[in-house]
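Undergrad:
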Amino acid sequence: MSNNTDVLIIGSGITGNATAYYLTRKGLSVTVLEKSPHIGNGGSTRNGGGVRQSGRDKRELPLAIYAVQNLWPTLSDELEMDVEYYQAGNLRLGKTDAHMTTLVGLTEKARSTGLDVRMIDGAEAREICPYLSDQVLGASWCPTDGHANPLLATLAYYRQARRLGARFITGEEVTAIRKVRGRARKVITKTATYEAETIILAAGFESRPIASAVGIDVPMTRALLEVLVTEAQPPMFYQMLGTAAADFYGHQSTHGSFVFGGISGLESVNKDNGTPVTNSLTASCCCRGIMDYFPCLADAKIVRTWAGWIDVCADHIPVLSTVEEVPGLILACGFSGHGFGIAPAVGTLLAQMAAGEDPVLDVEAFRYDRFKAKI
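Anchor point for the sequence shown: position 328 equals 336 in the numbering used here, and the numbering is continuous, going up by one each time.
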């Protein structure tokens, strides 16, 4: 097969797969290169599955609202796979006065942008979710938030993109991007050279060293987030859950398992040689927090845990941007753990940018050069 396509995407997470799907729908030829032997082998399939608008930076909020209003509700039908999307609302819980102060601040900011979110007291929170403990004083409540299955959503975009002609190559580590006549044109791997009119860099934290090959830097660090899964429980509640203190976040899946994410802050002690592995302390740390809010889950068994790296941008919103100094290159990285829920909107925008169309949403706030000193 030819190594020359209209668009080349580096990274086969949900952002890369969604972009490949929307590009192939436009009739463009697409190649996707993935370093791992498996697609979605990073944060895309290792997250709590939140499809939320509440709690977001006001610059990022339009992407979340667009995805919730226009893309997630019909995504299962469109991709011909049930991505287990539930729009059952989001409870962000508090059990101290300090928690409530935090929640009020987040809610006021969100309401100022027009989002339907409000504060509720503990009694109303327990009407929505009767399993909450009496420790819960109140919550923020966004009825249009929800959650989906990260594994299935990432796979569904991949399958449909392939059906429409996208070429996916796994186990292909990108080492550099090269310019031809001043334009990003070639992608060099350890085994081959690929060419494209447009290159989209969506490789998570590893986007940073790849972009540096053409003189571009995105200020990112990486953090390890961990997820635990319980044995299947009877249907109990399908709201997306979180806390003001960030003890944990998660939801109950269609299967019945609860999927909860969290962090112990101890990932630095892992001797993992760069492979994201779980810390023995994190699951128990998360479980103690969960039981304070949901004592009904005290006896639920944990059947597995996993960990994944996220790319944390300096200002905690993504970079979605063409690059003036390197025509032909589009950056899509720095999602800071917020990328899953906005992925359908981001894929739509990136496909429009790569096709030379005006994006359906304003992407000015996500420019790569927003970190440069103003002269």
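Note that CB positions come from ideal geometry on N, CA and C, so glycine has one too. Keep in mind it's a predicted model, so treat the numbers as computed, not measured.
List the DSSP bridge partners of residue 203.
TA: 12 and 194
Undergrad: Exposed or buried, residue 198, counting other C-beta atoms within 10 Å across all chains shown (16 or more means buried)?
TA: exposed
Undergrad: Run through the DSSP bridge pairs and tell me what residue 228 is partnered with.
TA: The partner list for residue 228 (beta bridge, DSSP) reads 321.
Undergrad: Check the C-beta distance from residue 2 over to residue 354 and give it rounded, since I have them as a contact under 8 Å.
TA: The displayed coordinates of the chain run from 9 to 383. Any statement about residue 2 would go beyond what the structure contains.
Undergrad: Measure the Cβ-Cβ separation of residue 313 and residue 234 and say whether it is below 8 Å.
TA: Cβ atoms of residue 313 and residue 234: closer than 8 Å.
Undergrad: Name the residue from 156, 261 and 45 whose alpha carbon lies nearest to the alpha carbon of residue 82.
TA: 156
Undergrad: At 4 residues or longer, what runs of the alpha helix (DSSP H) sit wholly inside the segment 335-378?
TA: 347-362
Undergrad: When you compare the CB positions of residue 60 and residue 72, do they come within less than 8 Å of one another, or not?
TA: yes
Undergrad: Taking the Cβ atom as the reference point for each residue, do residue 92 and residue 238 lie within a distance shorter than 8 Å?
TA: The answer is no: Cβ separation not under 8 Å.
Undergrad: With DSSP collapsed to three states, give me the class of residue 293.
TA: helix
Undergrad: Classify residue 304 as helix, strand or coil using the three-state DSSP reduction.
TA: Annotated three-state conformation of residue 304 is helix, per DSSP.
Undergrad: Around the C-beta of residue 78, are 16 or more other C-beta atoms found within 10 angstroms, so that it is buried, or is it exposed?
TA: exposed
Undergrad: Using the Cα positions of residue 203 and residue 185, report the straight-line distance between them to the nearest angstrom.
TA: 10 Å
Undergrad: Could you work out which residue in 177, 19, 11 and 10 is closest to residue 338 when comparing CA atoms only?
TA: 19
Undergrad: Within the continuous alpha helix (DSSP H) that includes residue 259, where are the two ends?
TA: Here residue 259 belongs to no alpha helix (DSSP H); instead the beta strand (DSSP E) covers 257-260.
Undergrad: Note down the Cα distance separating residue 229 from residue 47, rounded to an integer number of angstroms.
TA: 22 Å
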